[in-house]
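Notes to accompany the following structure.
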Amino acid sequence: MRFSTLFAAASVVATGVSAQNLYSGDSITDALSLTAENYYGSPIPPWKPNHKPGWYYGKNPPEGIIYLLEEIFCELLELFPFCLQCPKPHKAPPPNQPPPPPEYTPTYNNLTCASQDGSFQTFGLVDTVQDCQDMCDTVSGCIFVNAYHDNNDAGKGNSTELTCSLFSKCLDASSADNCAGQGQPDGSVDFITDSSGWCKSKPTA
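Going by our numbering, the sequence shown opens with residue 74, and the numbers climb by one from there.
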């Protein structure tokens, strides 16, 4: 495959082992699709036709979406620092120390429309708002997350998971003008609920 030479060279440098003996061709292709230039697997934003989530981070992976809690795939991504990385587990605060202040501040909550903006970086599916924030912490330049339910959306496989959109600019409710309402192939109409926006204290390095 066209990525084999690149991947094999990178893996030998990183591990001294032929990665083609460790990972499938499909896994390599998936990993190399998760670059900033490709909007980390979601080059079409969720407010445009023919969109598709680039990744899933949570405990119940839908079929056909790259899963960012699969240990072997996360190890593969670590060989490619220019690709999206799996979030790291949260560290417990030191004993007898107060927890650090929240890193994210809400800018809007419980809307029926989602943010759309030119600072869009990527989008995927998650289980919780915290999962969405964890994903922002892995994407360089990310400073804003918008998590919401996009109900009946065929482009997301009618998933009941939260859509998680990441942006490089803090946004407020005025950006939430994607109110869905598009007809779907099964005759239903998609609609948005539980849309919340969260601004990070500083962009991800």
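Backbone N, C-alpha and C define an ideal beta-carbon position, used for all residues, glycine too.
A quick note: this is a predicted structure, and the numbers were derived from the prediction, not measured.
Return the chain-ordered list of same chain residues with a C-beta closer than 6 Å to the C-beta of residue 123, the five sequence neighbours on each side being excluded. The residue you call residue 123 lines up with position 50 of the sequence shown. Excluding sequence neighbours, residue 123 sits near 117.
Beta-carbon proximity list for residue 264, same chain, < 6 Å, skipping 5 on both sides: On the sequence shown, position 191 is the one that residue 264 refers to. If you ignore the 5 residues before and after residue 264, its C-beta comes within less than 6 Å of the C-beta of 224 and 253, all in its own chain and listed in chain order.
Pop quiz: residue 192 and residue 241 are said to be a contact at Cβ under 8 Å. What is the actual Cβ separation, rounded to whole angstroms? Working through the sequence shown from its first residue, we reach residue 192 at position 119. Working through the sequence shown from its first residue, we reach residue 241 at position 168. Separation of the CB atoms of residue 192 and residue 241 is rounded to 4 Å, and the pair is thereby assigned contact status at 8 Å.
If I follow the unbroken beta strand (DSSP E) through residue 198, where does it start and stop? Working through the sequence shown from its first residue, we reach residue 198 at position 125. That run of the beta strand (DSSP E) goes 193 to 199.
Separation of residue 105 from residue 269, as counted between CA atoms: The residue labelled residue 269 in the question sits at position 196 within the sequence shown. The residue labelled residue 105 in the question sits at position 32 within the sequence shown. If you take the alpha carbons of residue 269 and residue 105, they lie about 30 Å apart.
On the DSSP bridge list, what partners appear for residue 261? Here residue 261 refers to the residue found at position 188 of the sequence shown. By DSSP's assignment, residue 261 forms no beta bridge with any residue.
Alpha-carbon to alpha-carbon, residue 152 and residue 206: Sequence index remark: in the sequence shown, residue 206 carries index 133 (1-based). Sequence index remark: in the sequence shown, residue 152 carries index 79 (1-based). Cα-Cα distance, rounded: 23 Å.
Host beta strand (DSSP E) of residue 146 (start-end): Numbered from its first residue, the sequence shown carries residue 146 at position 73. Counting along the chain, no beta strand (DSSP E) covers residue 146; the unbroken alpha helix (DSSP H) around it starts and ends at 144 to 151.
Contact set for residue 176: own chain, Cβ-Cβ below 7 Å, skip 5 residues either direction: Walking along the sequence shown from the start, residue 176 turns up at place 103. Non-local C-beta neighbours of residue 176 in its own chain, meaning closer than 7 Å and more than five positions away in sequence, comprise 273 and 274, ordered along the chain.
Roughly how many angstroms lie between the CA atoms of residue 259 and residue 230, to the nearest whole one? To locate residue 259, count along the sequence shown from 1; it is residue 186. To locate residue 230, count along the sequence shown from 1; it is residue 157. C-alpha separation (whole angstroms): 12 Å.
Cβ atoms of residue 135 and residue 232: under 8 Å apart, would you say? Walking along the sequence shown from the start, residue 232 turns up at place 159. Walking along the sequence shown from the start, residue 135 turns up at place 62. By the CB criterion at 8 Å, residue 232 and residue 135 fall inside the cutoff.
Could you check what DSSP says for residue 96 in three-state terms: helix, strand or coil? Within the sequence shown, numbered from 1, the residue matching residue 96 stands at position 23. Residue 96 falls in the coil class under three-state DSSP.
By the 10 Å Cβ neighbour count, where 16 or more other Cβ atoms means buried, how is residue 188 classified, buried or exposed? Translated into the one-based positions of the sequence shown, residue 188 becomes position 115. Buried is the call here.
Taking DSSP as the reference, what is the three-state secondary structure of residue 102? If you number the sequence shown from 1, residue 102 lands on position 29. Of the three classes helix, strand and coil, the one that applies to residue 102 here is helix, per DSSP.
Quick check on the burial criterion: 16 or more other C-beta atoms within 10 angstroms. Buried or exposed for residue 131? Along the sequence shown, read from residue 1 onward, the residue named residue 131 stands at position 58. Buried: at least 16 other Cβ atoms inside 10 Å.
Assuming residue 218 is part of the beta strand (DSSP E), what are its boundary residues? The count along the sequence shown starts at 1 and reaches residue 218 at position 145. Per DSSP, residue 218 belongs to the beta strand (DSSP E) from 217 to 224.
Where residue 271 falls, given that 16 or more other Cβ within 10 Å makes a residue buried: Position 198 of the sequence shown holds residue 271. Buried, by the Cβ-count rule.
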